[in-house]
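Count along the sequence shown from 1, then add 68; that gives the number in my numbering.
C-beta atoms are modelled at their ideal positions from N, C-alpha and C, and glycine is treated no differently.
On a predicted model such as this, the values are computed, not experimentally measured, just so you know.
Reviewing the structure listed below.
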Amino acid sequence: MDEHRDGHGGEDRRDQATDGDSRAGAGQDAAPQTGPRQAGPRQPDEPRADETDTPHPPDTADTPEIPDNTPETPKPTDTPDTTPDPPDTPPKPPEPAHPPAAPRSPARSWRRRTVRGVCAALVLLVLPVLTAETALRLNYTGDPAPGTRTRHHDALWLGHAWVDGRKSGKDVTALAARLRGSGIRDLYVHSGPLEHDGTLSPSVYRKARWLTGALHRELPGVRVQAWLGDTLASESPDGLRLERPSTRAAIAASTRRILDAGFEGAHFDLEPLHSGDRDYLRLLDDLRVLTRSRHALLSVAAHQIDPLPAFHSFWGATTGHPKWWSQSYFGQVARRVDQIAVMSYDTMQPMASLYGGYVAEQTALALEVTPRTTDLLMGLPFFHENRFGHRARAETVPAAVRGVRLGLSRTDAGRARFGVALYVDFAATEADWRAYQEDWAG
Numbered sequence: 069m070d071e072h073r074d075g076h077g078g079e080d081r082r083d084q085a086t087d088g089d090s091r092a093g094a095g096q097d098a099a100p101q102t103g104p105r106q107a108g109p110r111q112p113d114e115p116r117a118d119e120t121d122t123p124h125p126p127d128t129a130d131t132p133e134i135p136d137n138t139p140e141t142p143k144p145t146d147t148p149d150t151t152p153d154p155p156d157t158p159p160k161p162p163e164p165a166h167p168p169a170a171p172r173s174p175a176r177s178w179r180r181r182t183v184r185g186v187c188a189a190l191v192l193l194v195l196p197v198l199t200a201e202t203a204l205r206l207n208y209t210g211d212p213a214p215g216t217r218t219r220h221h222d223a224l225w226l227g228h229a230w231v232d233g234r235k236s237g238k239d240v241t242a243l244a245a246r247l248r249g250s251g252i253r254d255l256y257v258h259s260g261p262l263e264h265d266g267t268l269s270p271s272v273y274r275k276a277r278w279l280t281g282a283l284h285r286e287l288p289g290v291r292v293q294a295w296l297g298d299t300l301a302s303e304s305p306d307g308l309r310l311e312r313p314s315t316r317a318a319i320a321a322s323t324r325r326i327l328d329a330g331f332e333g334a335h336f337d338l339e340p341l342h343s344g345d346r347d348y349l350r351l352l353d354d355l356r357v358l359t360r361s362r363h364a365l366l367s368v369a370a371h372q373i374d375p376l377p378a379f380h381s382f383w384g385a386t387t388g389h390p391k392w393w394s395q396s397y398f399g400q401v402a403r404r405v406d407q408i409a410v411m412s413y414d415t416m417q418p419m420a421s422l423y424g425g426y427v428a429e430q431t432a433l434a435l436e437v438t439p440r441t442t443d444l445l446m447g448l449p450f451f452h453e454n455r456f457g458h459r460a461r462a463e464t465v466p467a468a469v470r471g472v473r474l475g476l477s478r479t480d481a482g483r484a485r486f487g488v489a490l491y492v493d494f495a496a497t498e499a500d501w502r503a504y505q506e507d508w509a510g
């Protein structure tokens, strides 16, 4: 989950800005093949093989017969072979089928071990990811239960232009026309950011009282809350330091003044907020006392929940940014507030089906630990960006709504205090609004 851009005080700027071939080696002339050597041509007066000077047998018909008085040579008689046998010699050992391998050099052995180790590590890393992605795809299958639609506890994040003078009465009328008849009950109007010491200048939200009055006239029953945020000094030296009691006290004082300006609640988005942060829980305890005394709402934007047990610890150790909360910590936060809105976008999912399955999982995890007395809202991506962590073609409103309905159906289909939160008004398209209305609010 990448963080809310507005919570970092960057909403003002966003609201105003709308891949030579090398030739193959030349073919070398092949050496002419030589066959077996052949005899050269026979010279003209060279006799043929049948004309050589081989003597012919004499003609015996004209030759007188001479008696042969030569005594007959006796045939030799066979004598035993007395040559001694050669001495026995040991048989030669059979030659090995393969010559013995040369000894491996230490460097070669080290390289092999390294390659094997890297391959094993890749398997250990990739296999769980593939398993998890397969599970998400399966999580996106099936049909939502009937009735898993709006319970009229939805919310909308509004940009800073609504309180700094850039919006007019016509804008309020147009917004009211869009929201009338929908399931949106709460508006989170960006009214910060807080300073790093927790203070907040009234000039930042100078049109707040006008806005709250105009919205109440156009949309009776809709609650307008001040959206306050800042960067925490949890991953850099600069930012809000919640471990300081003075900072927490200043935030409480800023909240008191924002309620005096006509807001009916305070919605906090402090990031990056690490799982287990006890100082954040202390801040919420202090703010809860304040908001209850003023009959006002306390709501927060929450990080996503570990998709795998202790995944935030692994991610934090490898990247320095834990990103997720443990499910237990999510529950601790939910028990301290009136509303908790999960920022269920910026999920690093590459496909709509995987994103929808991820949202279904997040919905179920959040429902398991959120008290029934706390409004639970799941964020919908009403913005379109392509960057690390977010792909617009994957993180769509239809995929998110279907994931929300599937998670709700499987976990607690009858939960009354449940809804969706739309982020953010100035980046939304007509297709986003239509998907919300048809798939969830209709």
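When you compare the CB positions of L300 and L338, do they come within less than 8 Å of one another, or not? yes
At what residues does the beta strand (DSSP E) containing G457 begin and finish? Element bounds for G457: n/a, residue is neither H nor E.
Given that a residue counts as buried once 16 or more other Cβ atoms are within 10 Å of its Cβ, and exposed if not, what is E463? buried
Looking at the structure shown, is G424 part of a helix, part of a strand, or coil, going by DSSP? helix
CB-CB under 6 Å to G260, same chain, minus the five flanking residues each way: which ones, in chain order? L296, G297
Quick check for students: name the residue ranges of the beta strand (DSSP E) that lie wholly in the segment 270-348, counting only runs of 3 or more. 291-299, 333-339
For E119, three-class secondary structure by DSSP: Residue placement at E119 is poorly supported in this model, since its pLDDT is 43, which falls under 50; the coordinates still yield a value, given next. Here E119 sits in helix by DSSP.
Quick check: the Cα distance between A229 and A495, rounded to an integer number of angstroms? 13 Å
Environment of D89 [buried if 16+ CB atoms lie within 10 Å]: Confidence in D89 is poor, its pLDDT being 42 and thus under 50, which makes the residue's placement too unreliable to answer from.
Rounded C-beta distance between V488 and L445? I'm assuming under 8 Å. 6 Å
Could you tell me how far apart the beta carbons of A282 and G330 are, in whole angstroms, since I believe they sit closer than 8 Å? In fact, because the Cβ distance is near 11 Å, the residues do not count as touching under 8 Å.
Using the Cβ count rule (16 or more neighbours within 10 Å means buried), how would you classify V231? buried
Tell me, to the nearest whole angstrom, how far the beta carbon of Y256 is from that of S421; I am working on the premise that it is less than 8 Å. Between S421 and Y256 the Cβ distance is about 29 Å, and since that is not below 8 Å, they are no contact.
Look at the alpha carbon of G237 and the alpha carbon of E311, and state the distance between them as a whole number of angstroms. 42 Å
Coarse secondary structure for W393, derived from DSSP in three states: strand
With a Cβ-Cβ cutoff of 8 Å, do V492 and G227 count as a contact? yes
In whole angstroms, what is the alpha-carbon distance linking R502 and D347? 41 Å
Taking the alpha carbon of V272 as the reference point, which residue from P212, A317, S322, R246 has its own alpha carbon closest? S322
Kindly indicate the opening and closing residues of the beta strand (DSSP E) around G447. 443-449
Using C-beta distances below 6 Å, list every residue in its chain close to Q505, excluding the 5 sequence neighbours before and after it, in chain order. none
Determine whether the beta carbon atoms of L376 and I326 lie at a separation below 8 Å. no
How many Å lie between D222 and E429 at the Cα? 20 Å
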